[in-house]
Structures are given as C-alpha cells and as structure tokens.
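Residue numbers (my numbering): 324 to 890.
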RNA sequence: GCGUUCAUAGCUCAGCUGGAUAGAGCACUCGCCUUCUAAGCGAGCGGUCAAAGGUUCGAAUCCUUUUGGACGUACCA
C-alpha cells in the first residue's frame with residue numbers, strides 16, 4: 324500500500340479544515356525513533372516561520388483535525404512542532420490480510436505507465452566480458468525488472484561494441500585460421516591476443532587487416548559475412564555469461580553500435596543545420612558554454628566517434644522507441660561525456676524536452692585492499708571465471724552445514740553464489756566505488772543475500788509443517804513486534820516507488836534486510852506452531868510469516884535473485 | 001591547471017533531499033538452544049560526521065575556504 328501518500332492525503336484534509344495552507348507537497352517521513360510513533364510530519368516548523376507564529380500552536384491545530392478512525396490511530400504534537408503519527412493495528416491488519424491474498428502483495432500497477440529505455444551491459448565484441456561489465460549488467464537488469472514490475476514498458480538496449488578498427492584485424496585472423504575451425508574462439512581473449520601478435524609481427528597480415536576495416540565499412544559481402552560470423556560467436560559468449568548470471572538480456576535486446584552507422588552522417592548534417600557545429604583543428608565539434616572541451620562528432624579524417632553514435636542512439640530511443648525516460652547504466656567515469664551528449668541532444672532537438680535522460684552512474688569495483696579488481700598478474704578478470712569462482716565458493720560456504728546431496732549442492736550453489744555476487748553489488752549505493760569481498764558477500768551475517776535466503780527458508784520450513792490453508796488466515800496484529808513487522812511489509816510499495824524514481828536498487832535491499840531482521844525478532848519471540856496457541860493467534864502468525872516470505876521472494880526477484888525452500 | 005566526485009565507529013556501509021539523543025553489519029566482550037533451521041536473537045563496547053567559517057529556530061545534509069583521495073580533461077569507447 325502507498326502508506327505515505329495515504330497519510331499525506333489525511334493531512335491535506337486536516338490542513339484544509341484548519342484553514343492553513345501547507346507549503347508544497349506534504350512530506351511524511353518515517354519516524355526516527357520508536358517513541359515518536361510510526362511516521363512523523365516535520366513540515367509545520369517552516370510553515371510557522373512563514374506565518375510568524377508558534378509552531379506548536381499550528382501543529383496542535385492541524386493535529387486536531389486529523390482523522391483518527393482510519394489508518395491513523397493517533398497523532399501527537401511533540402518537540403519543536405513535530406507531529407508524530409501512530410498507525411492503527413486494525414487497519415494495518417486489514418491491509419496485510421489483503422496483501423497476503425494478492426499475487427503482487429497489493430503493490431499497484433502504476434497509473435502513469437512510461438516507456439523506459441534501459442541501456443546496460445554493453446560489452447565489446449572484440450573481447451570477452453570482464454568484471455568491468457558486471458555492475459552495469461547487474462544494476463541495469465535490476466532496474467529493468469523493477470520498472471517492469473511497477474507496470475512500465477521497459478525496452479532493454481544492449482549497446483554492444485561491434486564496430487571499429489580492431490574488427491578488421493579479428494576478421495582477417497578468423498579468415499586466416501579457417502572459418503570452420505574457429506575453435507580458438509572458445510577463448511576470445513586468447514584469440515584477440517593471437518591476432519594482435521600476428522598483426523604486430525606480420526606486415527602482410529597487418530595490411531590485410533587494415534584493408535578489411537575499410538571493406539567492412541564499404542559493405543564488402545565477404546568481409547561482412549566474416550564480421551557477422553565473428554559477432555555471432557562473440558555474442559553467444561555473452562549470452563552464456565548472461566545465462567550463468569541469470570540476467571534477462573537476450574539477443575533481441577541487442578541494438579549494436581553498427582545499427583546507427585547509416586544515421587551518423589545525418590546526425591552531423593542535422594547539427595550543422597541547427598547551427599551547432601564548428602570546425603576546430605579539422606574536426607567537427609559542438610562547443611557547449613558549460614564545457615571547455617567540445618563534443619567531437621566527426622574526426623578530421625571523416626571518421627565518427629562514440630559521441631556521434633550516442634547521439635544517434637539517443638534520437639532513436641526518443642523518437643522511434645518513444646521513450647519517456649532513457650537510462651544509461653554506465654561507469655561514473657563517463658559522466659562528463661553523458662552530460663555533454665545529453666546537452667547536445669537537447670539543444671539539437673534530437674530528444675523532446677520532456678524526455679528524461681539519466682546517466683545511472685556507478686563506481687569502480689575494488690578488491691579487498693581497495694585497489695581496482697584485477698588478477699594476480701594485473702590482468703582483467705574474466706566475468707565467466709568470476710562467476711565460476713562464485714559457485715565454488717558458495718559450495719564451500721554451505722556444504723558443511725547440512726547433508727546435501729551432490730545434485731542439491733550444485734543447485735544451491737548456483738542460487739547462493741550468483742545471488743551473493745548480485746546482492747553485494749545491489750546493496751550498496753551504486754555511486755561509490757565498492758569493495759568486492761568474497762568472504763563478506765557469502766556470509767550469513769549482516770546485510771547479505773544469504774541472510775535473506777535463510778530467513779525465507781526458515782519460513783518455508785514452518786509453512787511446510789503447518790496443516791491448513793494459509794490463504795484463508797486472517798492477520799490480527801497482537802503486539803508491538805508484530806506491529807513493526809507488518810508495517811515493514813506494508814512499506815514495500817513505497818520503497819519500490821522511491822527506488823524506481825531514484826534508480827537506487829540498494830534501497831530495496833536495505834528494506835528487505837529490515838523486513839528479514841524484523842521477522843527474525845518476531846520468530847524468536849512469537850512461536851508460530853507451538854501447541855496450545857489459540858487458533859486465531861496461530862493463524863495470524865502463520866499468515867504474517869507467509870506474507871514476509873512473499874515480500875522477500877518478490878523483492879529478491881526484482882533484484883534478480885532467487886530464493887530456496889531449504890538452506 | 002581546470003572540472004566532476006568522495007571523506008560518517010577499528011573495518012564495510014546506511015542516513016529517505018534541513019529535523020528530535022547520527023544508525024546497521026563485521027570485529028571485540030557477555031548472555032540465550034528439552035520449543036517452528038543457534039546459518040539465529042538479545043545486551044555491551046565503539047563518533048570532533050576530514051578541518052574551519054557561514055546561512056537559521058535547527059546542518060552529517062545547503063554555501064565558501066582548506067586538507068586528503070579517486071576519476072575525467074578534443075579527434076579510443
């Protein structure tokens with residue numbers, strides 16, 4: 324349920340009745356301490372300043388008009404002029420029971436659906452996916468799922484790098500090796516290195532490679548075929564990683580760089596027609612007042628650059644795909660690039676003013692000692708190897724705990740290992756650099772995927788033992804612990820809404836961790852299946868537990884993480 | 001040099017766009033299993049929110065300066 328806006332509406336009514344005009348939107352905050360109730364309203368104090376009166380006086384007046392026969396149980400004026408808000412057990416119980424019966428646990432489908440483009444992952448076809456692609460892929464996928472769940476139309480765009488000079492070399496090498504025996508392509512990295520070596524050592528080959536670059540660009544059938552074949556193989560490597568990582572990207576989401584080739588010259592002429600273009604040192608540039616450095620859209624030799632492609636993609640997404648919101652889940656180091664490109668696109672009218680362009684920036688992945696994540700010899704870590712290691716480590720982390728069969732262990736390791744890698748990334752503020760620490764992410768303690776999966780499994784174990792229809796049970800909050808827990812669960816919709824507006828998956832993880840810890844406390848104190856419990860109490864508790872499980876499951880699903888019935 | 005960004009407990013991180021005594025987890029010290037998974041729960045310890053000014057009823061949050069780090073800085077993406 325939308326708790327905050329629900330409360331805000333009641334406050335709006337109270338303001339109207341007391342003849343006071345609130346300043347802007349009524350912002351309801353969660354109470355900072357339990358003694359201050361469930362929620363609080365802090366907007367009276369700035370208002371009092373405007374009216375030049377005593378804040379407590381206004382607060383008291385507004386509070387006296389608050390309806391307390393619905394979701395709000397009581398309000399209290401406190402401190403300098405805070406209004407503290409307590410919610411009603413009965414109403415919360417009612418909403419919780421309703422949520423339990425609903426597949427979406429009563430989270431509404433948005434009434435303002437948008438078309439949202441999410442650009443993420445974006446691997447380079449010349450090389451194998453490495454850790455640098457991990458964050459974009461994980462965060463982007465979670466955001467796409469979040470928007471989708473809320474009822475938006477999501478268009479995933481995997482902007483793969485399939486164009487550029489290195490493909491001449493790779494394609495020439497592919498041909499030299501024999502197209503049918505492309506066995507070496509099992510390891511793209513090795514293939515690239517071998518091609519590079521040959522390029523450096525064999526002048527004749529280097530010439531062919533350079534010729535092929537031109538030929539590909541000119542549409543030479545033979546070279547294009549080779550190129551397509553190469554891209555196909557490389558892309559299948561990516562799909563393998565996506566499958567292992569359990570992300571929703573598929574080949575149909577690919578909208579490669581090369582897709583925009585034909586449009587690049589138009590971008591330049593359109594910028595020219597809009598009088599935005601200047602020639603500087605031989606290159607065609609757009610100079611922005613805010614930036615010292617121009618955005619170069621065409622090189623001195625006539626070649627186009629990534630800014631040109633990005634502009635074409637931006638226009639395509641805004642006009643052809645009719646996006647209301649376009650998100651780029653890309654490393655924070657490119658923030659100045661996106662700032663400039665967005666600026667140019669808007670000035671040139673490539674995107675309508677009302678289209679929201681957002682660079683969803685994230686920090687660099689660091690190792691335990693705080694240095695950029697690398698292999699021992701300083702190379703980049705292949706993503707597929709990192710994921711394989713996750714499975715091995717997950718197995719290590721759980722195998723001693725229970726007597727799992729080999730098959731069971733394999734299944735568990737996948738869910739646990741991949742979940743841990745994703746959750747570690749999604750549980751911290753994406754803007755900052757983050758420390759990749761195997762031991763921490765595979766711990767059962769603290770804000771980890773395992774803790775949530777464990778809480779879920781505990782509930783499943785209880786549900787399995789319960790003989791009755793949980794769906795028919797009614798929730799009736801019996802004490803303060805249950806009040807807190809049920810309220811936590813009902814905050815789900817508020818949390819998802821906020822996370823989708825700010826594109827901050829970590830607020831969802833923080834929330835799920837809250838739900839899980841609240842559940843653990845409840846679990847310790849309020850036995851569910853104990854003999855001699857009153858029927859209504861037992862039913863209410865099992866229903867609360869079930870609702871918690873559903874919330875955790877759904878929340879993790881949005882983050883792209885699976886749950887387990889036994890752990 | 002210029003620009004962006006960051007600095008919160010020993011460590012890893014929250015802090016909801018200015019609110020009440022700054023919160024978690026780890027680590028450390030205690031306590032809790034004849035009861036639904038102790039992979040858990042509870043309690044304690046731990047802070048000059050980098051520093052100094054300013055804005056105001058009120059600042060970790062906004063502004064300025066300083067210090068320290070990361071990143072970017074025109075024909076790579």
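Heads up, the beta-carbon is just placed ideally off N, CA and C, and yes, glycines get one too.
Relative to residue 649, the option among 437, 554, 495, 760 whose CA is nearest is 437. The DSSP-derived three-state label of residue 751 is coil. Given a length threshold of 4 residues, each whole run of the alpha helix (DSSP H) inside the segment 790-814 is given here in chain order: 803-813. Here residue 444 is buried, its C-beta having at least 16 other C-beta atoms within 10 Å. The segment 778-786 and the segment 837-849 touch, with no fewer than 3 CB-CB distances between them shorter than 8 Å. In the three-state scheme derived from DSSP, where H, G and I count as helix and E and B as strand, residue 334 is classed as helix.
With fewer than 16 neighbouring CB atoms inside 10 Å of its own CB, residue 377 falls in the exposed class. Distance from the Cα of residue 586 is smallest, within the candidate group 743, 638, 597, 548, for 638. Out of 485, 487, 469, the CA that lies nearest to the CA of residue 479 is found in 469. A straight-line Cα-Cα distance of about 22 Å links residue 636 and residue 489. With fewer than 16 other Cβ atoms inside 10 Å of its own Cβ, residue 537 counts as exposed. Check the Cα spacing between residue 457 and each of 759, 726, 847, 831: the tightest is with 759.
DSSP, read as helix, strand or coil, puts residue 397 in strand. When secondary structure is reduced to three states using DSSP, residue 572 falls in the coil class, being assigned neither helix nor strand. In this structure, residue 752 sits away from residue 836, with a CB-CB distance that is not shorter than 7 Å. For residue 742, the secondary structure class from DSSP, reduced to helix, strand or coil, is helix. Look at residue 673 here: in three-state DSSP terms it is coil, with no helix or strand label. Contact annotation: the segment 405-424 touches the segment 358-377, with at least three C-beta pairs closer than 8 Å. Under the DSSP assignment, residue 846 falls in the alpha helix (DSSP H) whose first and last residues are 829-848. Nearest neighbour of residue 719 by Cα position, chosen from 736, 708, 699, 790, turns out to be 736. Residue 590 and residue 839 have their C-alpha atoms roughly 51 Å apart. Residue 578 counts as buried, since no fewer than 16 other beta carbons sit within 10 angstroms of its beta carbon. Beyond the five residues adjoining it in sequence on each side, residue 848 comes within less than 7 Å, by CB distance, of 804 in the same chain, given in chain order.
For residue 435, the three-state secondary structure derived from DSSP is coil.
859 is the residue among 793, 859, 667 whose C-alpha sits nearest the C-alpha of residue 800. If you look at residue 603, you'll find it in the beta strand (DSSP E) that goes 600-603. With fewer than 16 other Cβ atoms inside 10 Å of its own Cβ, residue 698 counts as exposed. Under the Cβ criterion (8 Å, minimum of three pairs), the segment 787-795 counts as touching the segment 861-874. Of the residues assessed, residue 711 falls on the exposed side of the cut-off, its CB having fewer than 16 other CB atoms within 10 angstroms. Counting the other CB atoms within 10 Å of its CB gives residue 481 a total of 16 or more, which places it among the buried residues. The C-alpha of residue 716 lies about 8 Å from the C-alpha of residue 765.
Residue 864 carries a helical assignment under DSSP once its states are collapsed to helix, strand and coil.
Beta-carbon to beta-carbon, residue 813 and residue 418 are separated by about 6 Å, close enough to satisfy the 8 Å threshold. Between residue 808 and residue 870, the alpha-carbon positions lie close to 10 Å from each other.
Look at residue 478 here: in three-state DSSP terms it is strand. For residue 689, the beta-bridge partners assigned by DSSP are 695, 758.
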